[in-house]
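Novice: Shown below is the structure under consideration.
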Amino acid sequence: MFVGTWNVGGRAPDQGLDISSWLLDQPASSPAHIYVLGFQEIVPLNAGNVLGVEDKGPACKWLDLVRRALNPSSSGRSYGCPELPQKDRVSFSDLLAMEDRLSMVSELDDDSEPSTSNPESSSEEEMGDVVMHRRAGGAGHGYRLAASKQMVGIFLCVWVWADLMPCITGLRVSCVGRGIMGYMGNKGSVSISLTLQRSTTLCFVCTHLASGDKDGDEVRRNSDVVEILKRTRFTPPRGLFAAAVPSPATILEHDKIIWLGDLNYRLTGSGDTQELVDRNDWQSLLEKDQLRVEQRAGRVFVGWEEGLINFPPTYKYLADSDTYAAVSSSAKSHHKKRTPAWCDRILWQGSGMKQLRYARGESRFSDHRPVSSVFIVQLGKPGDHLLRVAAAAAAATGHRRRVHSSRLF
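Last residue of the sequence shown: 409 (full-length UniProt numbering), numbering continuous.
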């Protein structure tokens, strides 16, 4: 399984952009069966895109580039982007109403049923043209689009080798906005849930967390992670065989989970950062990495794994260059000076997963470098997922009982 993440800086690609070096950076003798690709800022994060009608154009362009890179023999055919429902325009008064409603939700008792917080959550039957395109692809050679979902600038797509397509069931999506007022989609997550061979549930969580390099901004990012885990809900699948397909309702109920995206964690302090970058002393720099610091302290991603980082920080570069913005001394530069950081990450949770590679690409298209990882995923036996769901339900029930007991005294 190939997993990739890339913050593309609000730029729409042209047809000449070559992304094959990022997607195909592995031996041709052992190609991945599944590609999970997450993008951030596929549109500029301005008020028009956040509050207005969702712009599907850039997502279609990225799908076309991915299809041509994965299926070079079909490069002459463009990818037809389906007409998807448009997001309603949101007025400022709507935002104020949302704020009032969110305040009321936050005051609910701990034992109340968790809300989806109005993310777009849908099952395979409700995903419309995206999944219908997958079904129409049928068997054959090459990679087929299994599912894709956009929320403002966050875009997640899953591509599957054609022979494996019949083994994919239970496709569902869920979005959580964490931007303006903790609700809008300029920041947040897009998650896709699926079941492989009716035995193993997988969840892919593509996120763009809170930005900022000031002290304390890491707390907002930690909060984003907590809220995404809490508010992501997948609707139960429907249909004739729905009961036979595992259907985790939350992220953590899945057998295997991959969390990818622009997590935006920065380096603490400054001091000798540039000197360490010049010396390629990544291990010393990683001691300053907020994500590692917060994870070791038990404040975020407890129990999650990440591979060895042996590549330079992926952010922030000057446009179309290999120069970090932190070392730019041009008075005419419109770019903010940023301390280099590993903003773009891939983490995972679940047994039976072995990471083979963790690397970054070298495209200069964005102020971020793309990141990729390759995994071997061991499939479970039928029924394994039921044990995991039962354990999660028992833990949740025990928590509710403890809460009620504490209220009695």
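By construction, the Cβ of each residue, glycine as well, lies at the ideal position given by its N, Cα and C atoms.
Quick check on the DSSP output: what are the complete alpha helix (DSSP H) runs of length 4 or more inside the stretch 263 to 290, in order along the chain?
Specialist: 273 to 278, 282 to 286, all fully within the stretch 263 to 290.
Novice: Are at least three pairs of beta-carbons, each pair with one atom in the stretch 148 to 163 and one in the stretch 37 to 46, less than 8 Å apart?
Specialist: yes
Novice: What are the boundary residues of the alpha helix (DSSP H) that Cys60 is part of?
Specialist: Here the alpha helix (DSSP H) through Cys60 covers 57 to 70.
Novice: Please state if the CB of Arg360 and the CB of Ser373 are separated by a distance shorter than 8 Å.
Specialist: Against a cut-off of 8 Å, the Cβ pair of Arg360 and Ser373 comes out as no contact.
Novice: Rounded to a whole number of angstroms, what is the C-alpha to C-alpha distance between Cys157 and Asp344?
Specialist: 17 Å
Novice: Would you kindly work out how many angstroms separate the C-alpha atoms of Gly10 and Pro44, rounded to a whole number?
Specialist: 4 Å
Novice: Does the stretch 214 to 230 come close enough to the stretch 158 to 175 to have 3 or more Cβ pairs within less than 8 Å?
Specialist: These segments do not touch.
Novice: Is the beta carbon of Gly172 sitting closer than 8 Å to the one on Phe234?
Specialist: Per the sequence shown, residue 172 should be read as Arg rather than Gly. Yes. Within cutoff.
Novice: Apart from the five residues just before and just after Leu65, which ones in its own chain have a Cβ nearer than 7 Å to its Cβ?
Specialist: Pro13, Leu17, Ile19
Novice: For Ile42, which beta-bridge partners are listed by DSSP?
Specialist: DSSP output for Ile42 lists no bridge partner at all.
Novice: May I ask you to list the residues that DSSP assigns as paired with Arg360?
Specialist: By DSSP's assignment, Arg360 forms a beta bridge with Val371.
Novice: The alpha helix (DSSP H) spanning Ile228 covers which residue range?
Specialist: 217 to 231
Novice: Determine the closest residue to Phe311 out of Val277, Thr169, Glu305, with distance taken between C-alpha atoms.
Specialist: Val277
Novice: I need the DSSP call for Ser20, collapsed to helix, strand or coil.
Specialist: helix
Novice: Is Lys368 buried or exposed, if buried means 16 or more other CB atoms sit within 10 Å of its CB?
Specialist: Position check: residue 368 holds His in this sequence, whereas Lys was assumed. Burial call: buried.
Novice: Closest to Gly298 by C-alpha separation, out of Asn222, Ser284, Thr339, Tyr315, would be which residue?
Specialist: Asn222
Novice: So Ala47 is in the alpha helix (DSSP H); what residue range does that whole segment cover?
Specialist: Ala47 -> alpha helix (DSSP H) spans 47 to 51.
Novice: So, for Gly261: in the same chain, excluding its five sequence neighbours on each side, which residues have a beta-carbon less than 7 Å away from its beta-carbon?
Specialist: By the criterion of a C-beta distance shorter than 7 Å, Gly261 is surrounded in its chain by Thr5, Gly38, Gln40, Cys206, Thr207, His208, once the five residues flanking it on both sides are discounted.
Novice: For Glu306 versus Leu347, is the C-beta distance shorter than 8 Å?
Specialist: yes
Novice: Establish whether the CB of Arg357 and some CB of chain C are separated by less than 8 Å.
Specialist: The structure shown has no chain C; it contains just one protein chain.
Novice: From the DSSP secondary-structure annotation, give me the bridge partner or partners of Gln349.
Specialist: Ile257
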